[in-house]
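Counting from 1, position 10 in the sequence shown corresponds to residue 9 in numbering that gives the first Met the number 0; the numbering is continuous, with no gaps. These notes concern the structure reproduced below.
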Amino acid sequence: MIVDERMRTYINSLDMGNSPFLEKLEQQAVLDRVPIIRKEMQSFLKVLLGILRPARILEVGTAVGFSTLLMCEYGRSDLEIVTIENYEKRIPLAKENFRKAGREKQITLLEGDAGEILSGLDCKFDLIFMDAAKGQYIHWLPDVLRLMHPGSVLVSDNVLQEGDIIESHYIVERRNRTIYKRMREYLYELKHNPLLETSIIPLGDGVTVSVKKEEGAKT
Ligand code: SAH
Ligand code: MG
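Written out as structure tokens, the structure is:
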């Protein structure tokens, strides 16, 4: 936990929630132990969508389509989303949810490993939402940057690893160490890459917001 539990509970208690369809989908996901974005992240994405009004979004990590559909609902009416998922059990569920929500035309689900799929894409996106295997973000970054135009925004979820990120290597459980090392590299790169301006925000499980700069620009 990276934010005091009472603070988090208080903030979330003010939340007005989502449409009945999304509420049901969220409840089902929780029951089925499908990971989905937390309340704080939901609210944050809604605000970003309102500010940025992206026409094209790329999402890495669909799961059963909860965040995809949330972005559809709170994005502009002509929004197009490309979303990537490699877990065969979740893909049909996501497709079914897109159909039930009547959003099939807006959403393209690309099935397979995100690393492979990203390297094959060559169109630009206004917003990229990274919410898949945390240890891979650093490896996917060159392709992600290639898919951004100046002004495109990259949002990455779960970057502070429940607070592990600030612990010593030795305190982090062995099985989490590779992810820990790679996530530290990722955050360093987001903050030091001359093409990006990045803010690391301790919201939910930690989120970064990065904007791609004009080549040679200071901000
Ligand atoms: N964005 C979703 C939650 C995604 S959970 C929501 O909030 O509703 C992360 C998903 O990423 C999982 O379903 C997992 O199967 C998928 N994933 C992990 N590694 C991946 C990879 N290398 N390629 C494609 N999908 C991947
Ligand atoms: Mg996540």
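Here a beta-carbon is modelled for each residue, glycine too, at the ideal position from N, C-alpha and C.
Identify whether valine 29 lies in helix, strand or coil by the three-state DSSP scheme.
helix
Mind checking valine 63: buried by the 16 CB within 10 Å criterion, or exposed?
buried
Is aspartate 112 near the ligand MG - that is, is its Cβ less than 8 Å away from at least one heavy atom of it?
no
Regarding glycine 64 and the ligand MG, is the C-beta to nearest heavy atom distance less than 8 Å?
no
Inspect the CB distances between the stretch 75-82 and the stretch 143-151 and report whether three or more fall short of 8 Å.
no
Go through the stretch 37-101 residue by residue and report every complete run of the beta strand (DSSP E) that reaches 3 residues or more, in order.
55-59, 79-84
Proximity test, alanine 28 beta-carbon vs the ligand SAH heavy atom, cut-off 8 Å
yes
Taking the CB atoms as reference points, tell me whether glutamate 87 and leucine 109 lie closer together than 9 Å.
no
Taking the C-alpha atoms as reference points, what is the distance between lysine 94 and isoleucine 165?
38 Å
Pull up the CB-CB distance for threonine 207 and serine 167, whole angstroms please, since I reckon it's below 8 Å.
About 22 Å separates the two Cβ atoms, so there is no contact after all.
Taking the C-alpha atoms as reference points, what is the distance between glycine 228 and cysteine 71?
Nothing can be reported for residue 228: it is not among the residues displayed for the chain, which extend from 0 to 218.
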